[in-house]
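S.K.: Below are the structure tokens for one structure; questions will follow.
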Amino acid sequence: MAETLLFNALRAAIDEEMARDPSVFVLGEDVGHYGGSYKVTKDLYTKYGELRVLDTPIAENSFTGLAVGAAMTGLRPIIEGMNMGFLLLAFNQIANNAGMLRYTSGGNYKIPLVIRGPGGVGRQLGAEHSQRLEAYFQGVPGLKMVACSTPYNAKGLLKAAIRDDNPVIFFEHVLLYNLKETLPDDEYVLPLDKAETVRKGKDVTILTYSRMRHHVTNAAKTLVQEGYDPEIIDLISLKPLDFDTIGESIRKTHRVIIVEECMKTGGIGAELVASINDRFFDELDAPVIRLASQDIPTPYNGTLESLTIVQPAQIVEAVQNIVPLRV
Amino acid sequence: MVQERTLPEFPTALASITREEGLVVYEDMILGRFFEDKCAEMYYRGKMFGFVHLYNGQEAVSSGVIKAMRSDDYVCSTYRDHVHALSAGVPARNVMAELFGKATGCSKGRGGSMHLFSAEHNLLGGFAFVAEGIPVATGAAFQTKYRREALGDETADQVTACFFGDGAANNGQFFECLNMAALWKLPILFVVENNKWAIGMAHERATSQPEIYKKASVFGMPGFEVDGMDVLAVRSIAQEAVARARAGEGPTLIEALTYRFRGHSLADPDEMRSKAEKEVWFSRDPIKKFAAYLTEQNLVQHDELLDIERRIQSVIDDAVQFAQSSAEPDPSELYRYIFAED
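Each protein sequence line maps, in turn, to chains A and E. My numbering applies: residue 179 is where the first sequence begins, and numbers increase by one. My numbering applies: residue 58 is where the second sequence begins, and numbers increase by one.
The following block contains the structure:
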């Protein structure tokens, strides 16, 4: 495959999986004729028909519940949240129905369901369109949560999510859809539960995901020039967290910085800090540093917005503070 | 004097039910009634816990609709789900065991009274939040249409019956799903069991248009009211709706006017409903009414009904015995069933 934009990598994943398995279908607002708010499903309805690329009325809780019912009875729905934030309206269906129903039913039903769409803080989209739902959903039993960050992992992970027999919330970031990468020609599927080591290093473990991965790799360029050797881990799986990869890294670096776009309170980072303390406290040479978004509704104003989320300079500074100077 | 909505007349001359069908329906109603009476007894004896919502009085709706369907059709219920599960064919043993929290329960003791499930019997659940089952049921109906039209499976003609109460008919999911079901002509029956009370909220105090069946019209959907204490009337309207759904002609809204003979749940002191109102409805007991029909029409003899009652009593006793003697869930399986692979 030639150089592929991230949104087209996602589209290819859906297209391939729909061709492979006729029980896979897409539903959501404007996924059909319009092609999806970020064109992830562009023209798929002409290939697969209007039932398999189902334009729904604007009724998030009901079409999400409909997808759960379809999944319980043998189909494999992919819900697109036009903006992931809108799916707050479907919180009950995602938590009680998608997440908990298999357990509550004593294993009577499985719910192979993907809930995907654009999230995160974009450019001046205002508070309601700048949500990070992973923080809200991480406590729901039965859900898996995955955040893609590159065209390569977007495609391989989405294919895996579609094939998974469990409900998977699949996070895309509004500012990453136009990332470009050359993808393999051959089909590939990536594991949903494995973190990706983006850069190997020995000084400090930086745990991050989604768009912040790119802030971290930008910061790393500066840091490497200054003589630091950070290890960068893209979590990929936000639930469950890949503590094998995380632990292996901590046992090597003994220092951890978390860089996330979540709000600080109750975010993925909060869970990471607690779990690292539970599992790897003896390995730590310094308290875990957590860089997260401010606990405020994301402001519209560009300057205020950039002050709300973590910037690369803060990452550089955090590494400088936590890693002892070598003489 | 209690002001009651006039129940629509259903001339018994219109009823067409054979002796065999009549026996099936009567047995199902007795099963529902006896099962619930036993639940009340077991609850007060401390054998079951949590919130337990009984169906006494509403049997004509469950039996009238579900016994007009096929065994491969889908049924979706609410927190008041014991009798829908029984009508759908889930054995009384497994329902009772679930209420006892046992490993042999239909939800393996993980669900409880409000979360009965059985994939084997196409029982979609047991949904405890008001109206949340409506989208799920709509999804099952969508699945049938999808199988038929997108996958070309001509055997996919199943119909889904979605039960819920008058309280749910004020929730957005009700309107959203009526819209989608009508828009896509889904094979589904929306069956409102209007028992007049959403716990302590009188229906008339909660809705601007108390005649729920009329709400179908804005979606271009057929809507009917029916005497929910008359199993023949319910069965007749359900048969028409099922036939329409199976033929691909879309959904139907059925408002069954009914009454629960007990409080909202066994924890409800039931102080809101007047004695006079209850007496009006107690006099309409759907089981007595149907028994009278069956004997007056000479379809069955009174003794045969007594035989059914004796037999069902032993089914209930057996269910309790089974539940009591069943094993508790294995603590080592606390985490089982969270994911599909478990």
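Ideal Cβ positions, reconstructed from N, Cα and C, are used throughout, including at glycine.
Opposite residue 233/A in the DSSP bridges: which residues?
M.R.: By 1-based counting over the first sequence, the position of residue 233/A is 55. BP columns for residue 233/A point to 206/A.
S.K.: Can you confirm whether residue 153/E, when its beta carbon is compared against all beta carbons of chain A, has any partner nearer than 8 Å?
M.R.: Within the second sequence, residue 153/E is the residue found at index 96, counting from 1. Answer no: the Cβ-Cβ gap between residue 153/E and chain A never drops below 8 Å.
S.K.: Between 242/A, 292/A, 283/A, which has its C-alpha nearest residue 270/A's C-alpha?
M.R.: Within the first sequence, numbered from 1, the residue matching residue 270/A stands at position 92. With distances taken between Cα atoms, residue 270/A lies closest to 242/A.
S.K.: Where residue 365/E and residue 236/E are concerned, what is the direct C-alpha to C-alpha distance, given to the nearest angstrom?
M.R.: Numbered from 1 along the second sequence, position 308 holds the residue referred to as residue 365/E. Numbered from 1 along the second sequence, position 179 holds the residue referred to as residue 236/E. Spanning the alpha carbons of residue 365/E and residue 236/E requires a straight line of approximately 42 Å.
S.K.: For residue 323/A, which residues in the same chain have their Cβ closer than 6 Å to its Cβ, ignoring the five residues on either side in sequence?
M.R.: Residue mapping note: residue 323/A aligns to position 145 of the first sequence, counting from 1. For residue 323/A, where only same-chain residues beyond five positions count, the Cβ hits under 6 Å are 312, 347, 416, 417.
S.K.: Of the choices 342/A, 475/A, 225/A, 334/A, whose alpha-carbon is the least far from that of residue 292/A?
M.R.: Within the first sequence, the letter at position 114 stands for residue 292/A. Considering only alpha carbons, the answer is 342/A.
S.K.: Along the segment 138-152 of chain E, what residues have a CB closer than 7 Å to any CB found in chain A?
M.R.: none
S.K.: On the three-pair Cβ rule with 8 Å, is the segment 351-362 of chain A touching the segment 373-384 of chain A?
M.R.: A contact is defined here as three or more CB-CB pairs under 8 Å, and the segment 351-362 of chain A fails this definition with respect to the segment 373-384 of chain A.
S.K.: Along the chain, where does the beta strand (DSSP E) that runs through residue 272/A open and close?
M.R.: One-based indexing of the first sequence puts residue 272/A at position 94. Premise fails: residue 272/A is in no beta strand (DSSP E) and is neither H nor E.
S.K.: Counting only runs that start and end within the segment 261-309 of chain E, where is the alpha helix (DSSP H) found for 4 or more residues in a row?
M.R.: Listed in chain order, the complete alpha helix (DSSP H) runs (minimum 4 residues) inside the segment 261-309 of chain E are 288-303.
S.K.: Between the C-alpha atoms of residue 275/A and residue 248/A, what's the straight-line distance to the nearest angstrom?
M.R.: On the first sequence, residue 275/A is found 97 positions in, with the first residue counted as 1. On the first sequence, residue 248/A is found 70 positions in, with the first residue counted as 1. Straight-line Cα distance between these residues: approximately 12 Å.
S.K.: Beta-carbon of residue 291/A versus every beta-carbon of chain E: anything under 8 Å?
M.R.: Position 113 of the first sequence, counted from the first residue, corresponds to residue 291/A. Chain E, which has no Cβ nearer than 8 Å to the Cβ of residue 291/A, makes this no.
S.K.: List the whole-angstrom C-beta distance separating residue 387/E from residue 160/E, where the pair is believed to meet the contact cut-off of C-beta under 8 Å.
M.R.: Working through the second sequence from its first residue, we reach residue 387/E at position 330. Working through the second sequence from its first residue, we reach residue 160/E at position 103. Taking a contact as a CB-CB distance under 8 Å, the pair residue 387/E and residue 160/E counts as one, their CB atoms being some 7 Å apart.
S.K.: So if I threshold CB-CB distances at 8 Å, which residues from the segment 212-238 of chain E count as touching chain A?
M.R.: Within the segment 212-238 of chain E, the residues whose Cβ lies closer than 8 Å to some Cβ of chain A are 229, 230, 233, 234, 236, 237, listed in chain order.
S.K.: Should residue 39/E go down as buried or exposed, given a rule of 16 or more other Cβ atoms within 10 Å for buried?
M.R.: Outside the modelled stretch of chain E, which goes from 58 to 399, sits residue 39/E, for which no answer is possible.
S.K.: If we call anything under 8 Å between Cβ atoms a contact, is residue 295/E one with residue 269/E?
M.R.: Within the second sequence, the letter at position 238 stands for residue 295/E. Within the second sequence, the letter at position 212 stands for residue 269/E. Not in contact: residue 295/E and residue 269/E (Cβ atoms no closer than 8 Å).
S.K.: Check for me: the alpha helix (DSSP H) holding residue 242/A runs from which residue to which?
M.R.: Taking the first residue of the first sequence as position 1, residue 242/A is located at position 64. That run of the alpha helix (DSSP H) goes 238-250.
S.K.: Cutting at 7 Å between CB atoms, please list the residues of its own chain near residue 440/A, excluding the five before and the five after it.
M.R.: Taking the first residue of the first sequence as position 1, residue 440/A is located at position 262. Counting only Cβ-Cβ distances below 7 Å, and skipping sequence neighbours, we find 310, 312, 313, 446, 447, 470, 471.
S.K.: To which residues does DSSP link residue 258/A through a beta bridge?
M.R.: In the first sequence, the residue the question calls residue 258/A occupies position 80. Paired residues: 206/A, 294/A.
S.K.: Identify the contact partners of residue 316/A in chain E, using a Cβ-Cβ distance below 7 Å as the criterion.
M.R.: Along the first sequence, read from residue 1 onward, the residue named residue 316/A stands at position 138. Going along chain E, no residue has its Cβ under 7 Å from residue 316/A, so there is no contact; the nearest lies around 15 Å.
S.K.: Name the residue from 216/A, 285/A, 211/A, 436/A whose alpha carbon lies nearest to the alpha carbon of residue 189/A.
M.R.: Against the first sequence, residue 189/A aligns to sequence position 11. Among 216/A, 285/A, 211/A, 436/A, the Cα nearest to that of residue 189/A is on 216/A.
S.K.: Compile a chain-ordered list of the residues in the segment 228-240 of chain A whose CB is closer than 8 Å to at least one CB of chain E.
M.R.: 229, 230, 234, 235, 237, 239, 240
S.K.: Are any of the Cβ atoms in chain A nearer than 8 Å to that of residue 167/E?
M.R.: In the second sequence, the residue the question calls residue 167/E occupies position 110. Cβ-Cβ to chain A under 8 Å: yes for residue 167/E.
S.K.: Are residue 464/A and residue 433/A touching if we call contact CB-CB under 8 Å?
M.R.: The residue you call residue 464/A lines up with position 286 of the first sequence. The residue you call residue 433/A lines up with position 255 of the first sequence. Yes, the Cβ-Cβ distance between residue 464/A and residue 433/A is below 8 Å.
S.K.: Against residue 219/A, what residues of chain E qualify as contacts under a CB-to-CB distance less than 8 Å, listed in chain order?
M.R.: In the first sequence, counting from the first residue as 1, residue 219/A sits at position 41. Per Cβ cutoff of 8 Å: no residues; residue 219/A is ~16 Å from chain E at best.
S.K.: Give me the chain A residues within the contact set of residue 164/E, using Cβ-Cβ distance strictly less than 8 Å, ordered along the chain.
M.R.: Position 107 of the second sequence, counted from the first residue, corresponds to residue 164/E. The contacting residues are 282, 283, 284, 286.
S.K.: Let me check you understand the geometry: is the CB of residue 116/E closer than 7 Å to at least one non-hydrogen atom of the ligand FMN?
M.R.: Among the ligands in the structure shown, none appear at all, so the ligand FMN cannot be discussed.
S.K.: What does the alpha-carbon distance come out to for the pair residue 300/A and residue 185/E?
M.R.: Within the first sequence, numbered from 1, the residue matching residue 300/A stands at position 122. Within the second sequence, numbered from 1, the residue matching residue 185/E stands at position 128. Distance between the alpha carbons of residue 300/A and residue 185/E: 37 Å.
S.K.: Shortest alpha-carbon distance to residue 324/E belongs to which of 67/E, 100/E, 79/E?
M.R.: The sequence position of residue 324/E within the second sequence is 267, counting from 1. Of the listed residues, the one whose Cα sits closest to residue 324/E is 100/E.
S.K.: Looking at the secondary structure, which residues open and close the alpha helix (DSSP H) in which residue 84/E lies?
M.R.: For the purposes of this step, residue 84/E is identified with residue 27 of the second sequence, where counting begins at 1. 76-101 is the extent of the alpha helix (DSSP H) around residue 84/E.
S.K.: Nearest CA to the CA of residue 361/A: which residue from 387/A, 349/A, 332/A, 383/A?
M.R.: Residue mapping note: residue 361/A aligns to position 183 of the first sequence, counting from 1. Selected option, being the one with the closest Cα: 332/A.
S.K.: Along the segment 350-376 of chain A, what residues have a CB closer than 8 Å to any CB found in chain E?
M.R.: none
S.K.: Determine whether the beta carbon atoms of residue 115/E and residue 285/E lie at a separation below 8 Å.
M.R.: The residue you call residue 115/E lines up with position 58 of the second sequence. The residue you call residue 285/E lines up with position 228 of the second sequence. Yes, the pair counts as a contact, with Cβ atoms nearer than the cut-off.
S.K.: Under a three-way DSSP split, which group does residue 398/E fall into?
M.R.: Locating residue 398/E in the second sequence gives position 341, where the first residue counts as 1. In this structure, residue 398/E counts as coil in the three-state DSSP scheme.
S.K.: Got a sec: is the Cβ-Cβ distance from residue 181/E to anything in chain A below 8 Å?
M.R.: As a position in the second sequence, residue 181/E is number 124, starting the count at 1. Yes, residue 181/E lies at the interface with chain A (some Cβ there is under 8 Å from its Cβ).
S.K.: In three-state terms, what does DSSP make of residue 400/A?
M.R.: The residue given as residue 400/A occupies position 222 in the first sequence. DSSP places residue 400/A in helix when its eight states are reduced to three.
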